[in-house]
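What follows is one structure encoded as structure tokens, with my remarks underneath.
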Amino acid sequence: MFVITGIPTKVGVLMLEAAGINLIAMAVIAFLFGALVGTGLPPAPTYILTALVIAPPMIKAGVDPWVVHFYAFFLAVWGELTPPTSVVAAVTAKIADASFMRTLGRALMLCVSLFTLMAGVFIRPELVKQPGVDQLAALGLILVPTLGIVFAIQARFATDRIRNLTARGVLMVVSLFALLYPDDAIAAIACVPVLLIIVAWVLYQRPRQIRAAKASG
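Below is the structure:
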């Protein structure tokens, strides 16, 4: 089908044109293509087809080959979750006898780290191409914002709805800034308040929520 329709060639040309705009446009086109392929294929062939299509134009645009192939790998994993044909959600919903859409929504929330890794390999390419201290530093600069984003989505910071949403919104903004800002030093500084908020929640807010749950139960 791909050979007959000429989709790979068209996507490659489109990505080369997008490279003239910026890398984000190229990554978005690659994401859409990988998601489309992933709706009908398991991870292994999704990775192979995606890499064959997106690697040449991205490498030609100056992206490191390790970054490109890890991005293709993450897209292949994302294919198992891609709405509306998410195999993971379908199987899980059947086992749990739950709603497919609610299960899909929960799966996407639990897999938020997959999206941060997709962005992370472009912002911090040392994560996949420089084993050693540089790799560990890149890991920390992606791990902390990822934890912040997870807490912003799932944690509860106050009983009052407005205060809770405000705290989660601030944490989300700071975490995204720390994840996406290219300068390592500034990103590291932004990670500090994220870590402090997470530690404070674990030490103070979580025990309160546990006591409240026990009291109500």
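The letter at position 69 of the sequence shown is residue 680 when you use this note's numbering, and the numbering goes up by one with no holes.
A virtual CB, placed ideally from N, CA and C, is assigned to each residue, including glycine.
Quantities reported herein were computed from a predicted structural model and do not represent experimental measurements.
Pairwise C-alpha distance: residue j and residue i
i	j	result
L750	I797	15 Å
P656	G645	11 Å
F642	L686	7 Å
L807	L660	42 Å
V679	I753	18 Å
P694	V664	22 Å
R735	D795	9 Å
L738	I760	19 Å
L721	Q765	9 Å
A811	I706	37 Å
Residue i classed as buried or exposed, judged by whether at least 16 other C-beta atoms fall within 10 angstroms
i	result
V614	In this prediction, V614 has a pLDDT of 49, which is less than 50 and means its spatial position is unreliable; what the coordinates show is noted afterwards. Counting Cβ neighbours within 10 Å, V614 comes out exposed, since fewer than 16 surround it.
P668	buried
T727	buried
M637	buried
R772	exposed
I800	exposed
A709	exposed
R774	exposed
P818	exposed
L692	buried
T777	exposed
P676	exposed
R779	buried
L782	buried
P742	exposed
8 Å contact criterion, which residue i and residue j should meet: CB distance rounded
i	j	result
G649	G690	2 Å
A730	L791	6 Å
L634	F733	7 Å
P654	V688	6 Å
V699	A718	6 Å
I809	F768	Not really, about 11 Å apart at Cβ, beyond 8 Å.
P804	V785	6 Å
N- and C-terminal bounds of the alpha helix (DSSP H) containing residue i
i	result
C802	795 to 811
P667	654 to 671
D745	744 to 765
S697	Run containing S697: none; DSSP gives neither H nor E here.
N633	N633 -> no alpha helix (DSSP H), and no H or E assigned at all.
R735	Element bounds for R735: n/a, residue is neither H nor E.
S786	772 to 791
G716	711 to 721
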